[in-house]
Structure formats: structure tokens, C-alpha cells
Ligand SMILES: NC(=O)c1ccc[n+]([C@@H]2O[C@H](COP(=O)([O-])OP(=O)(O)OC[C@H]3O[C@@H](n4cnc5c(N)ncnc54)[C@H](OP(=O)(O)O)[C@@H]3O)[C@@H](O)[C@H]2O)c1
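Residue numbers (full-length UniProt numbering): 1 to 318.
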């Protein structure tokens with residue numbers, strides 16, 4: 001079967017570490033099922049893996065990817081990507097992703113625990129469905145578990161073009177919130193407005209109204225602005241740091257405005273089911289930047305590293 005995998009990570013040239021070729025199909029232990037993957041998507045997590053950061057349970061070819069949708073026993077499904085129990089015994093959300101446990105999903109045939117399969121909404125394309133497991137699940141938990149978002153709430157999403165960011169725009173807008181976004185790119189700002197954002201600002205610009213909730217995925221490049229843009233009693237939810245992992249924090253504003261900062265990581269299986277139902281009910285279509293054949297997965301990884309995409313970078317395995 002065809003798969004995207006790495007043999008030797010490369011800290012300096014992660015994209016060149018990707019191989020696409022034939023690997024033996026995995027066996028399915030008791031309680032696991034095979035899925036014939038139709039589409040997948042890339043995440044920053046894959047770039048970190050390609051750089052050699054994070055666990056690799058064995059020394060052989062390591063299939064990358066945590067986002068997949070496909071067919072299992074004739075059913076169209078989306079794969080929940082978090083193994084509920086990590087080797088250290090902790091449970092979600094502090095668990096491990098399928099690829100980190102040696103079960104990456106960017107392959108024609110994968111094996112996953114049977115209870116990880118959630119029916120694919122009929123209205124979603126394969127690529128749209130493949131957007132949901134990682135970035136969209138993360139955004140869902142940030143908005144609806146780590147804080148609350150709905151009508152009357154103002155949400156600021158930093159770095160509008162990102163996978164998590166476009167998910168947050170789509171979900172928060174569908175929930176009835178007023179959404180402001182920032183982006184360095186005028187073209188991405190226009191696209192965010194088309195997704196339903198009420199205002200799209202250049203990075204660092206003053207927000208029209210202080211936010212109840214800030215979705216922070218960019219890190220040090222935007223974190224100061226996030227703090228300045230949060231209203232008294234508001235919440236900043238952080239799931240990553242594309243621009244780095246050490247940010248300055250204005251403590252005066254933090255305590256004077258009684259701002260809460262929450263970390264957030266992935267989501268539970270119940271949250272994944274709720275996300276899929278939410279997307280189906282509210283007719284939210286995940287934003288796909290582009291879809292290429294698996295053979296061209298390096299193009300998508302290049303685009304992710306360059307930060308030029310708007311939405312999810314998908315691959316097709318049909
Ligand atoms: N904790 C978790 O469970 C979890 C899950 C998923 C992702 N993450 C993390 O969340 C982060 C975002 O992931 P993603 O998949 O959404 O990434 P992505 O699609 O690559 O998006 C990154 C976005 O960040 C913005 N950006 C990058 N560098 C910037 C800079 N110097 N200044 C301002 N904006 C900058 C860009 O927005 P503009 O070009 O629009 O400005 C870009 O579109 C990553 O760090 C990832 O590892 C964590």
C-alpha cells in the first residue's frame with residue numbers, strides 16, 4: 001500500500017525527510033479495524049515529527065499523519081486520532097496521537113481501534129472530513145470546553161489562515177459569536193471575512209472591541225496583542241506557538257483585567273463526536289486550502305512551513 005513516511009528525521013530539512021512509497025499494510029489486533037483512507041491532512045505536528053521531535057516507537061519506516069477519513073467495512077468514517085490511554089497511563093487530553101504510537105494515517109490502509117470511528121457526515125467531501133480530527137477538534141475544545149462561545153460573545157482569532165484558526169472562525173461564527181481575526185496577509189484577511197468574520201485586522205492592530213475569548217495558536221508574535229485585546233474577565237486559550245514557544249506576558253494587564261489563560265490540547269472522543277455533530281447540524285464546511293495526491297504530499301508540507309496556506313492542506317488517496 002502507498003504511504004507517506006519518514007525513515008530519518010531532518011531538523012533542518014523536514015520536508016525532504018518525507019518518503020512516499022509502498023509499505024506492508026498493518027495488521028489489525030483484536031478490537032481494531034482496517035480503514036481504507038480516502039483523504040488525509042497535514043498538521044504542524046507532522047512537521048515536528050519530520051524534524052525528529054516527539055516519540056517514534058520503532059526504528060523502521062514511520063507513517064506520518066493524524067488526520068484521515070475513509071471507508072471501514074463499507075461505512076464512510078472519520079478517524080479520532082488520540083489514543084485514549086498513553087503508555088504513561090494518562091488519559092486524554094494528555095494522551096498520544098496515533099502516529100506517535102506507530103499508527104500514522106497517511107496511508108492507503110490503516111488499522112485503528114474500532115471505537116475511534118465516527119460516521120462521516122454525507123455533506124462533507126473526503127478532504128473536508130479529513131480536516132476534522134486534529135485542527136478542528138483542537139479548535140472545538142478551545143472554544144466550547146476550555147471556555148464558552150456563543151451569541152453575544154466576542155472572539156479574536158490570531159493568524160487567520162492557520163488550520164486551527166480557520167476552524168475557530170468557522171465554529172465560533174456558526175455558534176453565533178462575533179469573530180475578529182488578525183492576519184499578516186491582506187488576501188487571508190479577505191478570505192476570513194468571507195468565512196463570516198466581522199472584522200479582519202493586520203497583525204497587532206487595535207481590535208474594534210475587546211474580546212471575551214482569544215484563540216491563540218501563533219505564540220510570541222501575537223501573544224502581547226492577545227493580552228492587550230482581552231476584556232476584563234476574558235479568556236485567552238492557547239494550543240500552540242507557530243512563531244515560537246516563549247512569549248512575554250504583561251502581568252499588569254493580566255491581573256488588573258483578571259484575564260484567564262488556558263492551555264488546550266486536542267480533545268476527547270466525546271468532543272470529537274460533538275464536533276462532527278456540530279459541523280453536520282450547522283452545515284459548517286471546513287476550509288480546505290488545497291488537495292493534492294499523496295505522491296505530492298511534500299508540496300503541502302512546503303506550504304505549511306511557508307505559512308502560505310489558508311485552511312487545511314489535504315491529500316487524496318483515491
Ligand atoms: N495542542 C494541540 O493539540 C494542537 C493541535 C493542533 C495544532 N496545534 C498547534 O497550533 C499551532 C497552529 O497550528 P495550525 O495547524 O493551525 O498551523 P498552521 O496552519 O501552519 O497556521 C499557522 C498560522 O500562524 C500564523 N503565523 C505564523 N507565523 C506567524 C508570525 N510570525 N506572525 C503572525 N502570525 C503568524 C499564520 O497566520 P497568517 O499568515 O494569517 O498571519 C499561519 O497561517 C501550531 O503551533 C500547532 O503545533 C496544537
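In this text, a Cβ means the ideal position worked out from N, Cα and C, and glycines have one as well.
Burial state of residue 58 is exposed, judged by a 10 Å Cβ sphere holding fewer than 16 other Cβ atoms. Taking the Cβ atoms as the reference, residue 208 lies roughly 5 Å from residue 199, within the contact range of under 8 Å. Here residue 32 is bridged, per DSSP, to 113.
Non-local beta-carbon contacts of residue 137 in its own chain, meaning distances under 7 Å to residues more than five positions away in sequence, involve 266, 267, 271, 272 and 275 in chain order. The closest heavy atom of ligand 1 lies less than 7 Å from the beta carbon of residue 239.
The criterion of a C-beta distance shorter than 8 Å is satisfied by residue 159 and residue 217. When the five nearest sequence neighbours on each side are left out, the beta carbons in the same chain lying within less than 6 Å of the beta carbon of residue 67 are those of 40, 41, 130, 133 and 134, in order along the chain. In terms of Cβ geometry, residue 104 and residue 70 do not form a close pair [threshold 8 Å]. Put simply, of 35, 120, 146 and 121 the residue whose alpha carbon is nearest the alpha carbon of residue 261 is 146. Distances taken from the Cβ of residue 1 to the heavy atoms of ligand 1 include none shorter than 7 Å.
The beta carbon of residue 187 sits closer than 6 Å to no other beta carbon from its chain once the five residues preceding and following it are set aside.
The beta-carbon separation of residue 311 and residue 281, rounded to 21 Å, does not stay under the 8 Å limit for a contact.
Residue 75 is positioned such that its CB atom lies no closer than 8 Å to that of residue 1. For residue 216, the uninterrupted beta strand (DSSP E) segment begins and ends at 211-216. Residue side-chain check: residue 309 places its Cβ nearer than 7 Å to a non-hydrogen atom of ligand 1.
Relative to ligand 1, even the nearest heavy atom lies 7 Å or more away from the CB of residue 25. Around the Cβ of residue 53, a 10 Å sphere holds fewer than 16 other Cβ atoms; the residue is exposed. Residue state for residue 316 is assigned as strand, using DSSP reduced to three classes. At least one heavy atom of ligand 1 sits closer than 7 Å to the Cβ of residue 203. Within the segment 198-256, the runs of beta strand (DSSP E) at least 3 residues long that lie entirely inside it are, in chain order, 199-202, 211-216 and 230-238. When the Cα atoms are used, residue 297 and residue 243 turn out to be separated by approximately 23 Å.
Beta-bridge partners of residue 153 (DSSP): none assigned.
Annotated three-state conformation of residue 83 is strand, per DSSP. Assigned with DSSP and collapsed to three states, residue 310 falls in coil, not helix or strand.
Going by DSSP, residue 18 is part of no alpha helix (DSSP H) but of the beta strand (DSSP E) stretching over 18-22. For residue 120, the Cβ stays outside the 7 Å cut-off from all heavy atoms of ligand 1. The Cβ-Cβ distance between residue 269 and residue 140 does not fall below 8 Å. Per DSSP, the unbroken alpha helix (DSSP H) holding residue 143 starts and ends at 137-144. Within the same chain, and ignoring the five residues on either side of residue 300 in sequence, the residues whose Cβ sits closer than 7 Å to its Cβ are 42, 292, 313 and 315. The beta carbon of residue 19 is closer than 8 Å to those of 4, 5, 6, 7 and 61 in its chain, skipping five residues each way along the sequence.
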